[in-house]
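Novice: Per my numbering, the very first residue in the sequence shown carries number 7; after that it's consecutive. Quick reminder that beta carbons are idealized off the backbone N, C-alpha and C, glycines included. Please read all numbers here as calculations on a predicted model, not as lab measurements.
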Amino acid sequence: MVDIFRDEATTILKDNDDIIIYQADSELRIHARELETVVELAPCVTMGKYIDVRVVSIRAAGHPIIYIPVSKEGAKRILTQLQQCKLNAAKQIRRHDTA
7 MVDIFRDEAT
17 TILKDNDDII
27 IYQADSELRI
37 HARELETVVE
47 LAPCVTMGKY
57 IDVRVVSIRA
67 AGHPIIYIPV
77 SKEGAKRILT
87 QLQQCKLNAA
97 KQIRRHDTA
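#1: For Ile-71, count neighbouring Cβ atoms within 10 angstroms of its own Cβ and tell me buried if that reaches 16, exposed if not.
#2: Closer than 6 Å by C-beta to Leu-88: which residues in its own chain qualify, once you throw out the five before and the five after it? Chain order, please.
#3: Run the CB neighbour count on Gly-80, radius 10 Å, all protein chains shown included, and call it buried at 16 or more, exposed below.
#4: Can you check whether the CB of Ala-15 is closer than 8 Å to the CB of Ile-25?
#5: Just reading off the beta strand (DSSP E) that Ser-109 is part of, what are its end residues?
#6: Cutting at 6 Å between CB atoms, please list the residues of its own chain near Tyr-28, excluding the five before and the five after it.
#7: Looking at Lys-92 and Leu-47, is the spacing between their C-beta atoms short of 8 Å?
Put into structure tokens, the structure is as follows:
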């Protein structure tokens, strides 16, 4: 298993083509082909104060949307790693279709 992201509340691991998300004492296993969107929601201003917190949103077919509050660096790491998982899964599908 490869560690994609880890903080106090959330752990995201990659196990072959599966992405495993542990959050709030629950586990969600998503196959990379099921990933529909992974986006970073911009930081916000609350009551006149800038809060440098990003939220990564993960949407997968047949699963609830997952929101993960992270730092700017954490968001970049999650986005990069999950997009790479999605690309690898797409390459495997293409290889299988052409074989």
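Specialist: The short version:
#1: exposed
#2: Val-44
#3: buried
#4: no
#5: No answer is possible for residue 109: it lies beyond the span of the chain, which begins at 7 and ends at 105.
#6: Thr-17
#7: no
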